[in-house]
Amino acid sequence: MSGKEFSGAEIIINSLVDLGVEVIFGYPGGAVLPLYDALYGQDKIRHILVRHEQAAVHAAEGYARSTGKPGVVLVTSGPGATNAVTGLTDAMLDSIPVICLTGQVPSHLIGSDAFQEADTVGITRHCTKHNYLVRDVDQLSRIVHEAYYVATSGRPGPVVIDIPKDIQIFTSSISHSGAIKHRSYQPEVKGDIDSIRQAVSLMVGAKKPIFYTGGGVINSGPAAAQLLREIVQLTGAPITSTLMGLGAYPASDRQFLGMLGMHGTYEANHAMHDCDVMICVGARFDDRVTGRLEAFSPNSRKIHIDIDRSSINKTVRVDVPIVGDVAHVLEDMLKIWKATILENASQSYDDWWAQIEGWRERDCLKYRTSDDVIMPQYALERLQELTKDKDVYFTTEVGQHQMWAAQFLKFEDPNRWMTSGGLGTMGYGFPAAIGVQIAHPDALVIDVAGEASIQMNIQELGTAIQYGLPVKIFILNNEYMGMVRQWQELNHGGRYSQSYSDSLPDFIALAKSYGGHGILVDKPADVDAAIKEMIETKGLVIVDCRVEKLANCFPMVPSGAAHNEMILPDDDEAGNENKQEFKGGAALV
Amino acid sequence: MYHTHKEIELAERHTLSIIVDNEAGVLARVIGLFSGRGYNIEHLTVAPVDLSGKESRITVVTVGTPHVIEQIKAQLDRLVPVHRVADLTESGPHVERELALIKVHCNNGEQQAALRIAEAFRAKTVDSSFDSYIFEVTGKTEKIRAFIKLMEDAGLVEAVRTGVAALTRGSEGL
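Residue numbers (this note's numbering), protein chains in the order written: chain S, 1 to 589; chain P, 1001 to 1174.
As structure tokens, then:
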């Protein structure tokens, strides 16, 4: 516990090394100079210099989401910390473990409106799982270990440690090592066994069950995804996933109905609406998933597995709540299911599947093809086809392209899909891809982007080039903030207020100016060649894929509508008799 | 064109006891949760309660529908420095007390009335000048309210209340 004296900065680095941290994403500044000095000349932790602090947090999120390990961020006081706030909020809403070290003005200047002073713990209190202001260098090592524990335990999330500059310089001989037992925060991972039994008996009696799974499965780790596959296949029930949960169950499997929710598939949403038993695993009944609450799956009994008790009964009343870690609960559930099913006749959901196949035949992702203009869906279908056998990771920005990517890319494994689900942060995808590529240097990492979103963190081209990261940016360029334009078309009389992407840069020249490679493609016939060239090019590539400007992302459950009130693709060739017009209200939130 | 969701449950008044680590910012965390998520605080009392000063006890009186009360408890419980959350209203009989100091400025004639009422409420006189008193009164919220109301006609100047402190009845602790 004690011995040699180290400076606060050294204690932080030593503690991070002790915790197995290998990479820090950061940006230096006055209040963290001692920490940067401690990073200098050591080789245990690699520092990745970003071009904006928001990008540092997104890169850490990409790193975390693709590895299962927490991401670590280091920024300076004041603007460094406030720039990180969007990233922290993003990590908060998507439950991503991030440890963010922020510099602070020296202790005696706190509260004096000093240069680059901001009340970082005050500002980040609402967008972190927990935060610390370090007032005593002797506490520093414990706090770093505790922050790591809090960020990664229970429902993961971002933790800020605000460290005044003097604390980084003061010395102490006190250092912790290894795991830490927290005084008050000890989340329960095992689910209540009686509740699990009750859940299984509901499942056994079900005629029309469905699994509804989310990001919690991925956060729980690879064992959770494995157990999920086992129980879904054993029961023979259909499964749908939230945006955050894609990859936990293989998309190619017949039992997978695709994503649910606002831009989910017809079959997934109808199955959710008509089911009699819903097994929600690590998902949180987000408003983008449920649609109008009063009309959400009205006739089902609901089982909800979540490690966060506050997620249960938050928006949707459930019949069997199970507070616990997905992997632990599914393991018990599988055991009980196997024992129970031995005593009962085997399940058959033939009628239920017949109904689902009927919905499937509606082919809700069908789109109008064209020989002249690249349809965004077509570009993604080809991207999926040409990358499916590769070691590939996808990130996205936010908007239409994100939803199309969720619909048309097929994820077979967890941790391969990084997207901003809860906060919907434009500018997330490119820095996240940088974080993924740092963790997986030999993998193919593709950021599916829109021409508007990509400009929100375009400065990170410098970061990617500096570290030789061969990230591929695949821009579906429709010259509009597509999702804003789509809502304006559907809800605001086609008045495209401020949604046109004017004065766009020449993305090819932009890539070149940083030392990357640019590819322009504007004909459907050239899409395959462009994607192949992108994959084969060694370094950073921007593909400027010019797509149909006014394409809408369907199916769509308008905000304020029920799951079975979807707008389906406008299929000109088949006529419009199947199109359901939504007549109710919609709220742009 | 905008859809709004209406709560149909009726609001209830609940007294919550929260044991927290006595660390910097813990009160801001608890209050911030209430303001950030749109919950109500009617009363708030906080002070360290163990002799070492490591833990504080926060008593919150809040008003909300049963669904909201349930959420408040779950949200409080997941704050990192929170050790325990107890709903005294739900867990059965409990004692609630509040302390108030009330200053009155009395003209001739009002003086006798003020002292008579104070005696009836078992209030103590803790300060007195030629034409004023400060009374100290403890009791349930309703009693304090009634006392202040009566003092309005006896030259009430100002009043201050501590907010509710509460414990469950019987031998069991939190």
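Glycine included, C-beta positions come from ideal geometry on N, C-alpha and C.
Given the structure is predicted, the values throughout are model-derived calculations rather than measurements.
By the 10 Å Cβ neighbour count, where 16 or more other Cβ atoms means buried, how is Glu61(S) classified, buried or exposed?
-> Looking up residue 61(S) in the first sequence gives position 61. The residue in question, Glu61(S), is buried, as its Cβ has 16 or more Cβ neighbours within 10 Å.
With 7 Å set as the bound, which would you pick, yes or no: does the beta-carbon of Val1080(P) sit closer than that to a beta-carbon of chain S?
-> Residue 1080(P) sits at position 80 when you count from the first residue of the second sequence. With 7 Å as the cut-off, Val1080(P) counts as an interface residue toward chain S.
Beta-carbon contacts of Ala439(S) that lie in its chain and below 6 Å, excluding the five residues immediately before and after = Numbered from its first residue, the first sequence carries residue 439(S) at position 439. Same-chain partners within the cutoff: Tyr63, Ser66, Thr67.
Helix, strand or coil for Leu19(S) per DSSP?
-> The residue given as residue 19(S) occupies position 19 in the first sequence. If DSSP states are grouped into helix, strand and coil, Leu19(S) belongs with coil.
Using beta-carbon positions only, say whether Thr124(S) and Pro70(S) come within less than 7 Å of one another.
-> Taking the first sequence and counting its residues from 1, one reaches residue 124(S) at position 124. Taking the first sequence and counting its residues from 1, one reaches residue 70(S) at position 70. Result no, Cβ atoms of Thr124(S) and Pro70(S) do not sit closer than 7 Å.
Bounding residues of the alpha helix (DSSP H) (the contiguous stretch that carries Asp1083(P)) | For this step, residue 1083(P) is matched to residue 83 along the second sequence. With the sequence shown as reference, residue 1083(P) is identified as His, and Asp is not the correct amino acid for it. Unbroken run through His1083(P) is the beta strand (DSSP E), 1082-1087; no alpha helix (DSSP H).
Is it right to say His328(S) is buried, meaning 16 or more other beta carbons lie within 10 angstroms of its own, or is it exposed?
-> Mapped onto the first sequence, residue 328(S) falls at position 328. Counting Cβ neighbours within 10 Å, His328(S) comes out buried, since at least 16 surround it.
Member of Leu490(S), Lys472(S), Cys275(S), Leu243(S) whose CA lies at the smallest distance from the CA of Gly261(S) | Numbered from 1 along the first sequence, position 261 holds the residue referred to as residue 261(S). That would be Leu243(S), whose Cα lies nearest to the Cα of Gly261(S).
Taking Cβ positions only, does Gly1036(P) come closer than 7 Å to chain S?
-> Translated into the one-based positions of the second sequence, residue 1036(P) becomes position 36. True, the Cβ-Cβ gap to chain S drops below 7 Å.
Buried or exposed: where does His176(S) fall if 16 or more other Cβ atoms within 10 Å of its Cβ makes it buried?
-> To locate residue 176(S), count along the first sequence from 1; it is residue 176. By the neighbour-count rule (16 or more Cβ atoms within 10 Å), His176(S) is buried.
Does DSSP put Pro28(S) in a helix, a strand or coil?
-> The residue labelled residue 28(S) in the question sits at position 28 within the first sequence. It is coil, neither helix nor strand.
Contacting residues, own chain, Cβ-Cβ under 8 Å from Leu88(S) (five flanking each side not counted) | Within the first sequence, the letter at position 88 stands for residue 88(S). The answer, listed in chain order, is Val57, Val98, Cys100, Thr124, Cys127, Thr128, Pro158, Val160.
C-beta neighbour in chain S for Leu1010(P), strict 7 Å | Translated into positions along the second sequence, residue 1010(P) becomes position 10. It does not: the Cβ of Leu1010(P) has no partner Cβ on chain S nearer than 7 Å.
When burial is assigned at 16 or more other CB atoms within 10 Å of the CB, is Lys44(S) buried or exposed?
-> By 1-based counting over the first sequence, the position of residue 44(S) is 44. Its Cβ having fewer than 16 others within 10 Å, Lys44(S) is exposed.
Identify the residues that DSSP records as bridge partners of Ile72(S): which are they?
-> Reading the first sequence from its first residue, position 72 is the one you call residue 72(S). For clarity, residue 72(S) is Val in the given sequence; the question names Ile instead. In DSSP, Val72(S) forms a bridge with Ile99(S).
Residue range of the beta strand (DSSP E) that includes Leu1167(P) | As a position in the second sequence, residue 1167(P) is number 167, starting the count at 1. Taken as a continuous stretch (DSSP letters only), the beta strand (DSSP E) holding Leu1167(P) covers 1165-1168.
Kindly give me the distance between the Cβ atoms of Thr419(S) and Thr387(S), rounded to whole angstroms, as I take these residues to be in contact under 8 Å.
-> By 1-based counting over the first sequence, the position of residue 419(S) is 419. By 1-based counting over the first sequence, the position of residue 387(S) is 387. Contact doesn't hold; Cβ gap of about 16 Å is too wide.
Residue nearest to Gln226(S) in terms of C-alpha spacing, selected from Thr240(S), Ile13(S), Gly247(S), Ile210(S) = Stepping through the first sequence from its first residue, residue 226(S) is reached at position 226. Considering only alpha carbons, the answer is Gly247(S).
If you drop the 5 nearest sequence neighbours on each side, which residues of the same chain put their C-beta closer than 6 Å to that of Arg362(S)?
-> Locating residue 362(S) in the first sequence gives position 362, where the first residue counts as 1. Contacts found: Tyr266.
In the DSSP assignment, find the beta strand (DSSP E) that holds Glu1158(P) and state where it starts and stops.
-> Along the second sequence, one-based indexing puts residue 1158(P) at 158. Element bounds for Glu1158(P): 1156-1161.
Contained beta strand (DSSP E) runs [length at least 3] in the region 108-141 of chain S, N- to C-terminal order | 130-133
Consult DSSP for Asn491(S) and reduce its assignment to one of helix, strand or coil.
-> Numbered from its first residue, the first sequence carries residue 491(S) at position 491. In the structure shown, Asn491(S) sits in a helix (DSSP, three-state: H, G or I).
From what residue to what residue does the alpha helix (DSSP H) around Asp544(S) run?
-> Stepping through the first sequence from its first residue, residue 544(S) is reached at position 544. Per DSSP, Asp544(S) belongs to no alpha helix (DSSP H); it is in the beta strand (DSSP E), 541-546.
In three-state terms, what does DSSP make of Tyr500(S)?
-> Translated into positions along the first sequence, residue 500(S) becomes position 500. Secondary structure of Tyr500(S) (DSSP, three-state): strand.
Quick one: which chain P residues come within Cβ less than 7 Å of Asp308(S)?
-> Here residue 308(S) corresponds to residue number 308 of the first sequence, with the count starting at 1. Those are Arg1078, listed as they occur along chain P.
Bridge partners of Asn477(S), per DSSP?
-> Looking up residue 477(S) in the first sequence gives position 477. According to DSSP, which records beta bridges pairwise, Asn477(S) is partnered with Arg546(S).
Using a beta-carbon distance cut-off of less than 7 Å, what residues from the region 1015-1026 of chain P approach chain S?
-> Asp1021, Ala1024, Gly1025
Any residues in the region 180-209 of chain S with a beta carbon nearer than 7 Å to a beta carbon of chain P? Which ones, in chain order?
-> Hits within the stretch, in order: Arg183, Ser184, Tyr185.
Below-7 Å beta-carbon distance, Leu1174(P) vs any chain S residue = Within the second sequence, residue 1174(P) is the residue found at index 174, counting from 1. Not one chain S Cβ lies under 7 Å of Leu1174(P).
Looking at the C-beta of Gly1032(P), does it have a partner C-beta in chain S at a distance below 7 Å?
-> As a first step, residue 1032(P) must be located in the second sequence, where it is residue number 32. For Gly1032(P), the answer is yes, since a Cβ of chain S falls inside 7 Å of its Cβ.
Within its chain, find whatever has a CB closer than 8 Å to the CB of Ser195(S); leave out the 5 residues flanking it on each side and keep chain order.
-> By 1-based counting over the first sequence, the position of residue 195(S) is 195. Counting only Cβ-Cβ distances below 8 Å, and skipping sequence neighbours, we find Val320, Pro321, Ile322.
Which chain S residues sit within Cβ distance under 9 Å of Glu1042(P)?
-> Start at 1 with the first residue of the second sequence, and residue 1042(P) comes out as number 42. Those within 9 Å of Glu1042(P) in chain S number zero; the least Cβ separation is about 22 Å.
Anything in chain P within Cβ reach of Arg125(S), meaning under 8 Å, just list it in chain order.
-> For the purposes of this step, residue 125(S) is taken as the residue at position 125 of the first sequence. Those within 8 Å of Arg125(S) in chain P are Gly1025, Ala1028, Arg1029, Gly1032.
Below 8 Å CB to CB, which residues in the same chain sit around Val17(S) once its five sequence neighbours on both sides are set aside?
-> Taking the first sequence and counting its residues from 1, one reaches residue 17(S) at position 17. Residues of the same chain with a CB within less than 8 Å of the CB of Val17(S), apart from the 5 flanking positions on each side, are Lys44, Ile45 in chain order.
Neighbour flag for Ala1074(P) against chain S, beta carbons, 7 Å = On the second sequence, position 74 is the one that residue 1074(P) refers to. Ala1074(P) belongs to the set of residues whose beta carbon lies under 7 Å from a beta carbon in chain S.
Of all the residues that make up the region 539-555 of chain S, which are near chain P by a beta-carbon distance shorter than 8 Å?
-> none
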